[in-house]
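Visitor: Could you have a look at this structure, given as structure tokens, before my questions?
In our numbering, the protein residues as written are 1326 to 1605.
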């Protein structure tokens, strides 16, 4: 729907503010007219010069830009030294095309997008917080409170002379909680790996038992006292125990299969680590 027509009085006031008083469009004010309406009327009255349309990048320019990127030049250097050959490209234009062609360092771009923009007075509060909590909170913990990277906190602490030694940081409550959580993750991963190894070992033993039972004559078997499964009486299925006797050395198969024996040893090792006492 078209807007209200402009009368001569409004046009005269608009011309006076733009041409005589040299106001920017954002500062021009007319009753009943929005900023968009003012901009449109200024363009129709030709009170400001129209911005030249964006010049498209040619194939040769893009090829040269890519080549300059491979040689290690930055958009700032390309603009300052006019390395594109005097085509009138601004630094902003080069930077935008740089991004469109995906020549920028993506990791650095992501970090710059996440960069904290400090509001008025915020840095003063941040410095006060550092002075108060640097001895009780880790840089990572402070960073989470303020929404900044750990490296940013460390840099500010260095500048203010508040850097805490690492041996003190690792003893803080936050570091202790992280270490405890890491130990639990390692234990869970170790248990998963051990269970996967045990399952693979069990499948291999079952396959060996199946093949050995086909022999003629059949091999003698022994029942495991824990899992109650019968296994061939061989070193692959039962550990051998040696005992010194008066006649020399006596060797015999243990009563537990290797699967149950390994599980028992693992259980005892874990209990020994928890209690700090040897198990029998």
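Here a beta-carbon is modelled for each residue, glycine too, at the ideal position from N, C-alpha and C.
(1) So, do the segment 1463 to 1475 and the segment 1423 to 1434 have three or more beta carbon pairs nearer to each other than 8 Å?
(2) Give the single residue among 1360, 1392 and 1417 whose Cα lies nearest to the Cα of residue 1379.
(3) To the nearest angstrom, report how far apart residue 1606 and residue 1580 are at their CA atoms.
(4) Just to confirm, are residue 1489 and residue 1459 a CB contact at a threshold of 8 Å?
(5) With respect to the beta strand (DSSP E) encompassing residue 1574, which residues constitute its N-terminal and C-terminal limits?
(6) Have a look at residue 1597 and residue 1591 and give me their C-alpha separation to the nearest angstrom.
(7) Identify every residue that forms a DSSP beta bridge with residue 1566.
(8) Name the residue from 1387, 1567 and 1563 whose alpha carbon lies nearest to the alpha carbon of residue 1587.
(9) Just mark residue 1339 as buried or exposed, buried being the case when its beta carbon has 16 or more other beta carbons within 10 Å.
(10) Return the chain-ordered list of same chain residues with a C-beta closer than 6 Å to the C-beta of residue 1549, the five sequence neighbours on each side being excluded.
(11) Mind checking whether residue 1557 and residue 1546 have CB atoms under 8 Å apart?
(12) Ignore the nearest five residues each way along the sequence and tell me which others in residue 1420's own chain have a CB closer than 8 Å to its CB.
Guide: Once the coordinates are examined:
(1) With contact defined as three or more Cβ pairs closer than 8 Å, the segment 1463 to 1475 and the segment 1423 to 1434 are not in contact.
(2) 1417
(3) Outside the shown range of the chain, which is 1326 to 1605, sits residue 1606, and nothing can be said about it.
(4) yes
(5) 1573 to 1582
(6) 10 Å
(7) In DSSP, residue 1566 forms a bridge with 1577.
(8) 1563
(9) buried
(10) 1581, 1582 and 1585
(11) Yes. Within cutoff.
(12) 1400
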